[in-house]
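**Q**
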Amino acid sequence: MAISRASSLSSSKQLLHSLSSRLIRPLSTYPAVSSLGLAEKHEPGLVSDDVKGLFSSVPTGKLLRSFLTLKMVASEPVVDLGTWVMTSRLMKTALFREIVVGVTKATFFDHFVAGTNHEEAGEIVKMLWNDGLSGMLDYGLEHAYDNVSCDLNMEAFVKTIESTKSLPQSSVSAAVVKITAICPVDLLKRMSDLLRWEYKEKSFNLPWKMNTLPIFSDSSPLYHTLHEPEALNSQEEKDLELAHQRLNKIIQKCQEALVPLVIDAEETLIQPAIDYFTYSAAIVHSKEDSAMIYGTFQAYLKDTKERLVCAKRAADKMGLRMGVKLVRGAYLSTESQVAASLGYDSPIHSSIQHTHDCYNDCASFMLNEVATGPGSLVLATHNFESGKLAAAQARDLGIGKDRQKLQFAQLYGMAEAMTYGLKNAGFQVSKYLPFGPVEQIMPYLVRRAEENRGMLSTSSLDRQLMKLRRADSASFW
Ligand SMILES: Cc1cc2nc3c(=O)[nH]c(=O)nc-3n(C[C@H](O)[C@H](O)[C@H](O)COP(=O)(O)OP(=O)(O)OC[C@H]3O[C@@H](n4cnc5c(N)ncnc54)[C@H](O)[C@@H]3O)c2cc1C
């Protein structure tokens with residue numbers, strides 16, 4: 001036992017060495033980042049302390065469960081089984097559902113979700129804040145199909161925003177909203193059709209349309225709308241008005257609580273309407289400087305760079321401080337399936353390298369923009385290379401710690417090594433904190449499981465670091 005512990009320690013030292021060159025050294029020795037103070041902080045020896053310290057505040061039992069959960073979601077058969085179970089009809093059976101919810105709560109839920117309610121999420125925010133990180137509160141709600149559900153969802157969002165008042169100031173860097181939770185999804189489809197048609201046929205009139213930024217560019221896919229859609233009927237127009245009112249109420253609450261609002265991106269089928277809500281609200285509320293509204297751009301879409309540039313140029317002309325959250329995109333299979341079913345090419349880049357290039361290109365464009373002019377950027381990614389490139393450019397442009405201009409964000413339970421690496425390099429970093437009752441969060445967990453399949457660079461690094469922390473606490477692994 002003693003020998004195995006000794007050899008475990010010595011092999012862990014080797015692992016530490018190789019990991020510190022994979023994780024911390026790339027950030028600390030990267031010429032552009034070192035002058036942020038990282039190199040000075042991490043003289044030889046201190047680098048390894050930092051790696052060991054990554055999970056030092058996490059209780060051993062929780063660390064072990066996290067390790068096992070990440071290991072489980074790395075396994076293709078487990079992900080296949082898990083997604084099948086969570087989406088299967090058997091979930092309608094009470095006993096089966098109870099068992100699945102129980103197992104999910106003890107594994108995936110506790111790892112990827114910040115709690116079942118505001119109080120639990122608030123505790124996580126405080127913990128992160130003590131660690132030098134902020135939280136983006138994301139009450140987990142998915143698609144709503146009628147006004148009653150939309151009203152209930154709006155109240156839940158409002159409660160979330162109000163709950164931030166009892167937390168340390170600035171510890172919540174944003175409240176997150178999905179437009180599909182506050183506007184009936186069928187209406188979003190109808191509005192998106194009409195917006196697409198208006199883009200195709202310039203003479204087409206949309207009486208309900210308010211001032212907005214460009215939603216499409218020449219390369220945007222318009223294949224979802226092949227025929228002229230009917231105008232919104234009076235009920236749909238009333239529903240649209242109600243949706244505007246819900247979003248306005250959420251924004252007003254954000255302004256009162258001094259918390260920016262982040263609006264998630266979803267499928268291209270409905271994204272035009274989501275962008276329309278985002279931009280029209282940003283224009284209406286642009287006079288009050290207290291709340292910043294962020295829209296989301298998905299770099300996996302071929303038209304994203306062009307759309308981003310068009311929207312940013314238009315915002316500049318209006319004097320609007322545009323907030324952009326940049327992600328790669330999470331609806332890969334749905335997008336490809338929908339396009340294929342209509343006989344069109346996927347709107348997603350044909351290779352993952354093109355997506356990476358697009359992400360880095362959009363990030364670089366926005367960093368230059370916010371460095372010299374108005375606007376704010378959230379780089380939401382777990383991709384180490386993208387983080388490293390952006391960190392280097394931000395340092396060169398002198399926008400290191402300015403939270404108004406730049407923040408990095410990772411999902412709770414993912415890419416911990418990158419989160420702490422960026423924080424240690426002097427950047428503002430937030431964790432996206434989904435929370436809510438277990439059954440409500442299931443669709444989110446399915447997406448996270450899908451995402452962890454195959455591409456496991458960041459979570460496997462987290463697993464190795466967790467293992468290391470356990471080994472270095474002179475125990476078994
Ligand atoms: C804070 C935060 C907020 C988010 N908000 C949203 C949101 O509002 N809307 C949304 O859609 N997503 C959102 N996501 C999820 C995000 O879009 C990604 O799915 C996830 O972060 C993985 O991308 P990555 O940048 O971390 O890069 P990586 O870890 O490098 O992941 C790359 C992933 O990109 C995918 N991919 C993209 N393009 C291709 C391609 N052409 N071929 C093959 N695979 C491809 C693959 O699934 C692969 O797993 C968010 C993520 C974070 C961290």
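First residue of the sequence shown? That's 1 in the UniProt record's numbering, and the numbers climb one at a time after it. Each residue gets a CB set at the ideal place from its N, CA and C atoms; glycine is no exception.
Note the first and the last residue of the continuous beta strand (DSSP E) segment covering D138.
**A** From DSSP, the beta strand (DSSP E) with D138 extends over S134 to Y139.
**Q** Beta carbon of C254, beta carbon of I161: below 8 Å?
**A** Cβ distance < 8 Å, so C254 and I161 count as in contact.
**Q** Is the stretch 236 to 251 in contact with the stretch 174 to 188, if contact means three or more CB pairs nearer than 8 Å?
**A** These segments touch.
**Q** Is A94 buried or exposed, if buried means 16 or more other CB atoms sit within 10 Å of its CB?
**A** Result: exposed.
**Q** Taking just the CA atoms, how far does H224 sit from G295?
**A** The straight-line gap from Cα to Cα measures roughly 22 Å.
**Q** Whole angstroms are fine: how far does the CA of N360 sit from the CA of L389?
**A** When rounded, the distance between both Cα atoms is 8 Å.
**Q** Determine the burial state of N205: buried for a count of at least 16 other Cβ atoms within 10 Å of its Cβ, exposed for fewer.
**A** Label assigned to N205: exposed.
**Q** Whole angstroms are fine: how far does the CA of G329 sit from the CA of E76?
**A** Distance between the alpha carbons of E76 and G329 is about 21 Å.
**Q** For T296, which beta-bridge partners are listed by DSSP?
**A** T296 pairs with K325.
**Q** In the DSSP output, what is A394 paired with across the bridge?
**A** Its beta-bridge partners do not exist; DSSP assigns none.
**Q** Alpha carbon to alpha carbon, how far is A231 from I270?
**A** So the alpha carbons of these two residues sit roughly 17 Å apart.
**Q** To the nearest angstrom, how far is the alpha carbon of A392 from that of G398?
**A** So the two alpha carbons sit approximately 10 Å from each other.
**Q** How is P434 classed by DSSP in three states: helix, strand or coil?
**A** Reduced to three states, the DSSP call for P434 is strand.
**Q** List in chain order: all unbroken alpha helix (DSSP H) runs of 4+ residues lying wholly within the stretch 332 to 415.
**A** Counting only runs of 4 or more, we get 332 to 341, 352 to 372 and 384 to 397.
**Q** Compute the minimum distance between the beta carbon of D275 and the heavy atoms of ligand 1, and state whether it is under 7 Å.
**A** Outside the cutoff, so no.
**Q** Taking V309 as the reference, give the member of L332, G132, S280 and M366 with the closest Cα.
**A** V309 has its Cα closest to that of M366, out of L332, G132, S280 and M366.
**Q** Do S430 and M136 have their C-beta atoms within less than 8 Å of each other?
**A** Going by C-beta atoms, S430 is nearer than 8 Å to M136.
**Q** Quick check: what's the CA-CA separation for D316 versus M322?
**A** Approximately 8 Å, taken between the alpha carbons.
**Q** Going by other Cβ atoms of all chains shown within 10 Å of its Cβ, with 16 needed for buried, is R448 buried or exposed?
**A** R448 is buried by the Cβ-count criterion.
**Q** Quick check: what's the CA-CA separation for K189 versus V378?
**A** Going from the Cα of K189 to the Cα of V378 covers about 27 Å.
**Q** Within 10 angstroms of the Cβ of V103, are there 16 or more other Cβ atoms? Answer buried if so, exposed if not.
**A** Exposed: under 16 other Cβ atoms inside 10 Å.
**Q** Compute the Euclidean distance between the alpha carbons of V438 and T87, then round it to the nearest angstrom.
**A** Distance between the alpha carbons of V438 and T87: 14 Å.
**Q** Am I right that L406 and I348 are in contact with their C-beta atoms under 8 Å? What's the rounded C-beta distance?
**A** That pair is no contact at about 26 Å.
**Q** Using a 10 Å radius around the Cβ and a threshold of 16 neighbouring Cβ atoms, would you call G82 buried or exposed?
**A** The residue in question, G82, is buried, as its Cβ has 16 or more Cβ neighbours within 10 Å.
**Q** How should T164 be labelled, buried or exposed, when 16 other C-beta atoms within 10 angstroms of its C-beta is the threshold for buried?
**A** Per the 10 Å Cβ criterion, buried.
**Q** Excluding the 5 residues flanking R97 on each side, which residues of the same chain have their C-beta closer than 6 Å to its C-beta?
**A** Here the set comprises M91.
**Q** What I want to know is whether the C-beta of D357 ends up closer than 7 Å to one or more non-hydrogen atoms of ligand 1.
**A** No - ligand 1 has no heavy atom lying nearer than 7 Å to the Cβ of D357.
**Q** How would you call P168, buried or exposed, if buried means at least 16 neighbouring beta carbons within 10 angstroms?
**A** Classification for P168: exposed.
**Q** Determine the extent of the alpha helix (DSSP H) in which A174 is found, giving its start and end residues.
**A** That residue, A174, is in no alpha helix (DSSP H); its beta strand (DSSP E) goes V172 to V177.
**Q** As a quick exercise: from G400, I283, T355 and G375, pick the residue whose alpha carbon is nearest that of E385.
**A** The shortest Cα separation from E385 among G400, I283, T355 and G375 belongs to T355.
**Q** What is the DSSP secondary structure of L206, reduced to helix, strand or coil?
**A** Correct three-state label for L206: coil.
**Q** Report yes if the C-beta of L70 is less than 7 Å from at least one heavy atom of ligand 1; otherwise report no.
**A** Because no heavy atom of ligand 1 lies under 7 Å away, the Cβ of L70 does not count as near it: no.
**Q** So what does DSSP say about I270, is it helix, strand or coil?
**A** Coil, per DSSP.
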